[in-house]
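Take a look at the structure set out below.
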Amino acid sequence: FEGMTIVELSKRTGETIPYLQQILANIGESFDSEFEPISIDIAELIAMEIGINIRRLHSDEGAILLPRSPVVTVMGHVDHGKTSLLDALRQTSIAAKEAGGITQHLGAFVVSMSSGASITFLDTPGHAAFSAMRARGAAVTDIVVLVVAADDGVMPQTLEAISHAKKANVPIVVAINKCDKPDADPQKVKNQLVSEGLMLEEFGGDIQVIEVSATKGIGLDLLEEALLLQSELMDLKAQIDGPAQAFVVEARVDRGRGPLATAIMKSGTLSSGNRIVVGAEWGKIRAIRDMMGKVIETAGPSMPVEIEGLKGVPLAGDDVVVVHSDGRAKMLSAGRKSKVEEYRLNKKSSPKSVKFADND
Ligand code: GDP
Ligand code: MG
122 FEGMTIVELS KRTGETIPYL QQILANIGES FDSEFEPISI DIAELIAMEI GINIRRLHSD
182 EGAILLPRSP VVTVMGHVDH GKTSLLDALR QTSIAAKEAG GITQHLGAFV VSMSSGASIT
242 FLDTPGHAAF SAMRARGAAV TDIVVLVVAA DDGVMPQTLE AISHAKKANV PIVVAINKCD
302 KPDADPQKVK NQLVSEGLML EEFGGDIQVI EVSATKGIGL DLLEEALLLQ SELMDLKAQI
362 DGPAQAFVVE ARVDRGRGPL ATAIMKSGTL SSGNRIVVGA EWGKIRAIRD MMGKVIETAG
422 PSMPVEIEGL KGVPLAGDDV VVVHSDGRAK MLSAGRKSKV EEYRLNKKSS PKSVKFADND
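Under UniProt numbering, residues 122 to 481 are what the sequence shown spells out, in order.
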């Protein structure tokens, strides 16, 4: 977020410089010069005052990017084995073996492999969750695993899943499940998928197909390898240093610990003690837990974490941003809340959006 000044903001929003300076004064910020760069938080507060939306775009410019693990969502027709497959994959994790199974439910889990590579799986199969997240701008999924039962073949929700993935521009890896069944016919499934327009590898395309059995634990290692290969092709990278950005996948209230949000880290490093704004909620992070329920001090890209310390419960798809002070966090949260309320009451159409790269 470098170089954004009052002058620039005035150009982009069409508001006069004195008016913007007046808003700054009203929110208790003073600036020596209209050429002085302002932070993304201040820009958002101003934007709220003048009724426009700000999208925080994290700019990678000049940052050191390191490879990150893929974040995977499992989709497919009901009863084709999404939940069984996630359970089976969870059991393949070294961490799960060491801990004697993971009891913690986080809405996401990480499979770490002996090669040192890892894959983050979102634990909420289904198209509704995927679409809801996308609708809120949370591009959290890198790869979709399309589960198709070998005995049942392509069904309506299979097609829906394909369409969701295509719309979101997220690559698909196909898992033909229930291959242990006597009436399994993987070849038939492949033909069906090809006639639905999926460019499968063995037909000269680039979509990998793996035959698995979730309940018998067959082909899971091949599926994991296929996902890693897909993620290598995508060259997934993230900034490790710098301000954290994350997306909420689940949130709830715990009677003892208060509001808890599970988030998937997108970039940067999140640290205990950080002041964060999450959607319209805010808080100071009291504890970060990993998927084993262990308290950790910091979290990096692609990690699912549970965040404790929010004042209220955010929504799935909300973004997590780090701000500099309690005051700033409170102000942003209050502004966002009243904006949400305003649109709820007036059912106004969304205000015009101005995009800002956040390099803060
Ligand atoms: P979901 O609705 O897609 O989450 O499907 P579930 O995971 O709940 O599975 C639906 C049913 O299919 C359950 O009775 C599972 O035990 C069964 N099932 C799932 N995977 C397999 C498999 O690989 N082989 C066989 N034989 N049954 C399976
Ligand atoms: Mg299920």
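All C-beta atoms in this analysis are idealised placements derived from N, C-alpha and C, irrespective of residue type, glycine included.
Nearest neighbour of residue i, chosen from the options [CA to CA]
i	options	result
Gln308	Ile331, Glu371 and Met254	Ile331
Ser388	Ile397, Ala401, Gln360 and Lys405	Gln360
Leu314	Ala420, Glu345, Asp273 and Thr390	Asp273
Arg376	Met412, Lys405 and Gly433	Gly433
Glu165	Met412, Ala401 and Asn467	Ala401
Arg449	Leu436, Arg396 and Val441	Arg396
Pro292	Leu354, Arg255, Asp447 and Ser316	Leu354
Ile385	Glu418, Val441, Ser316 and Ala305	Val441
Thr290	Ile138, Val275, Glu463 and Phe251	First, the residue type needs correcting, since residue 290 is Asn and not Thr in the sequence shown. Answer by Cα proximity: Phe251.
Cys300	Leu431, Leu391 and His201	His201
Leu343	Val294, Met276, Met452 and Arg465	Val294
Gly404	Phe368, Val370 and Leu381	Leu381
Val374	Ala367, Thr194, Ala271 and Leu431	Leu431
Asp446	Val461, Ile406 and Arg465	Asp is not the amino acid found at residue 446; the sequence shown has Ser there. When each option's Cα is compared against that of Ser446, the closest is Ile406.
Ser284	Ala296, Thr336 and His248	His248
Gln366	Gly421, Thr336 and Gly394	Gly421
Gly135	Leu453, Glu150, Ile167 and Lys288	Ile167
Ala296	Phe230, Ala335, Asn312 and Asp304	Ala335
Ser352	Ser423, Asn298 and Phe368	Ser423
Ser459	Glu150, Leu130 and Met169	Met169
Lys288	Asp208, Asn298 and Arg255	Arg255
Val369	Gln142, Lys132, Ala229 and Val444	Ala229
Rounded distance between the beta-carbons of residue j and residue i, thought under 8 Å
i	j	result
Pro425	Thr241	6 Å
Val333	Gly340	4 Å
Ala260	Gly438	Contact flag wrong, Cβ pair sits at about 10 Å.
Val268	Val195	6 Å
Val398	Leu453	5 Å
Residues that residue i bridges to, as DSSP identifies them
i	result
Thr126	Pro158
Pro425	Ile385
residue 498	Past the boundaries of the shown model lies residue 498; the chain is included only from 122 to 481, so the question cannot be answered.
Gln360	Leu186
Leu391	Ala420
Leu431	Gly404
Pro380	Val374
Arg457	DSSP, once it has assigned bridges, lists no residue as partnering Arg457.
Val444	Arg396
Ile331	Ala296
residue 111	This structure cannot settle anything about residue 111, because the visible part of the chain is limited to 122 through 481.
Ser233	Ser239
Gln366	Ser388 and Val442
Ala270	Asn298
Ile339	Ser334
Leu321	Ile328
Distance cut-off 7 Å: residue i Cβ against heavy atoms of ligand 1
i	result
Gly197	yes
Glu336	Position check: residue 336 holds Thr in this sequence, whereas Glu was assumed. Checking every heavy atom of ligand 1 against the Cβ of Thr336, one is found closer than 7 Å.
His201	yes
Asp304	no
Asp301	yes
Asn395	no
Asn298	yes
Beta-carbon contacts of residue i that lie in its chain and below 7 Å, excluding the five residues immediately before and after
i	result
Asp481	Legend: pLDDT at Asp481 = 31, less than 50; position of this residue unreliable, value from coordinates given subsequently. The residues are Phe122, Ser160, Ile161 and Pro364.
Ser357	In the sequence as presented, Ser is not what sits at residue 357; that position holds Leu. Around Leu357: Pro188, Arg189, Pro191 and Asp263.
Leu186	Lys358, Ala359 and Gln360
Val128	Ile138, Glu155 and Phe156
Lys451	Trp403
Met125	Pro158, Ile159, Ala164 and Phe477
Glu281	His248
Asp304	Asp272
Heavy atom of ligand 2 within 7 Å of residue i beta-carbon
i	result
Thr204	yes
Chain-order list of residues whose beta-carbon lies under 6 Å from that of residue i (same chain, five-residue window excluded)
i	result
Ala408	Val416 and Glu429
Asp411	Ile417
residue 483	Missing from the structure shown is residue 483; the chain here goes from 122 to 481 and no further.
Thr419	Thr390 and Ser392
Leu349	Ala238
Own chain residues within Cβ distance below 8 Å of residue i, not counting five before or after
i	result
Glu345	Leu210, Thr213, Val232, Met234 and Ile240
Ala347	Val294, Gln329 and Ile331
Ala286	Met196, Val265, Leu267, Pro292 and Ile293
Asn147	Glu170
Glu323	Lys311 and Val330
Beta carbon proximity, residue i to chain B, threshold 8 Å
i	result
Ser154	Going by chain labels, chain B is absent from the structure shown, which holds only one protein chain.
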